[in-house]
Amino acid sequence: PWVEKYRPNTLEEVVHQSHIIAMLSKYLTNDCFNELPNLLLFGPPGTGKTSTIIALAKQLFQTQYKNRVLELNASDERGIAVIREKVKSFAQQSVSSASKSIPAIKLIILDECDSMTRDAQSALRRTMETEAKTTRFCLICNYVSRIIEPLVSRCS
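Counting in the UniProt record's numbering, the sequence shown runs from 1 upward without gaps.
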């Protein structure tokens, strides 16, 4: 699709989000990239939330993007089984950083997470807690009011 073809590949290519780009760019430096927090991006559809986080992930993980990033559209896969199977198993995989320019963490991007059931969100909260050392989560939604407070409180 057109959106995929012209999606930004770097944070510098993202437009109209300068305050967000400034905040995220600091995590691209070697002395900060392991400090990436769990993120919650919310706002109206079409404002670049998903494109921004994918651009960050591509820059952060470079050639290891496919091994270190799990992208899920939570509106398609919104139940507790997805959290237990896909998310938890990916989060539990160990990673080593053979390169000093790639962080020794993984990133799970959950787009449209406001479509997830409350049970799935609760299961995600537990996974976020148990895998905090090796996995970061980026929750993307249109309506932050549909996200349970324990998830919101674990994100920046």
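The C-beta atom is built at its ideal place from N, Cα and C for all residues, glycine as well.
Source: prediction; values computed, not measured.
Since I believe residue j is in contact with residue i (beta carbons under 8 Å), could you give me their beta-carbon distance rounded to a whole number of angstroms?
{"i": "Glu-112", "j": "Ser-75", "result": "4 Å"}
{"i": "Pro-45", "j": "Asn-142", "result": "6 Å"}
{"i": "Cys-138", "j": "Leu-60", "result": "Contact doesn't hold; Cβ gap of about 11 Å is too wide."}
{"i": "Ala-105", "j": "Leu-36", "result": "According to the sequence shown, residue 105 is Ile rather than Ala. The pair is a contact, with the Cβ atoms about 7 Å apart (cut-off 8 Å)."}
{"i": "Ile-140", "j": "Ile-53", "result": "7 Å"}
{"i": "Ile-102", "j": "Gln-62", "result": "6 Å"}
Checking the sheet assignment: what are the DSSP bridge partners for residue i?
{"i": "Lys-106", "result": "Thr-135"}
{"i": "Val-69", "result": "Leu-107"}
{"i": "Leu-151", "result": "Answer is none; Leu-151 lacks a bridge partner."}
{"i": "Ile-140", "result": "Leu-41"}
Can you say whether residue i is buried or exposed, counting buried as having 16 or more other CB atoms within 10 angstroms of its CB?
{"i": "Ser-51", "result": "buried"}
{"i": "Val-82", "result": "buried"}
{"i": "Lys-66", "result": "exposed"}
{"i": "Lys-100", "result": "exposed"}
{"i": "Arg-118", "result": "exposed"}
{"i": "Asp-114", "result": "buried"}
{"i": "Thr-29", "result": "exposed"}
{"i": "residue 175", "result": "Here the chain has residues from 1 to 156 only, and residue 175 is not among them."}
{"i": "Gln-92", "result": "exposed"}
Helix, strand or coil for residue i per DSSP?
{"i": "Leu-39", "result": "strand"}
{"i": "Glu-13", "result": "helix"}
{"i": "Val-3", "result": "helix"}
{"i": "Thr-127", "result": "helix"}
{"i": "Ser-75", "result": "coil"}
{"i": "Val-95", "result": "coil"}
{"i": "Lys-51", "result": "In the sequence under discussion, the amino acid at residue 51 is Ser, which differs from the Lys named in the question. In the structure shown, Ser-51 sits in a helix (DSSP, three-state: H, G or I)."}
{"i": "Thr-29", "result": "coil"}
{"i": "Lys-86", "result": "helix"}
{"i": "Gly-156", "result": "The residue you asked about is not Gly; residue 156 is Ser in the sequence shown. Reduced to three states, the DSSP call for Ser-156 is coil."}
### Message
Would the stretch 84 to 94 count as touching the stretch 119 to 127 if we require 3 or more Cβ pairs under 8 Å?
### Response
yes
### Query
Can you find at least 3 beta carbon pairs, one from the stretch 64 to 75 and one from the stretch 20 to 28, that sit closer than 8 Å?
no
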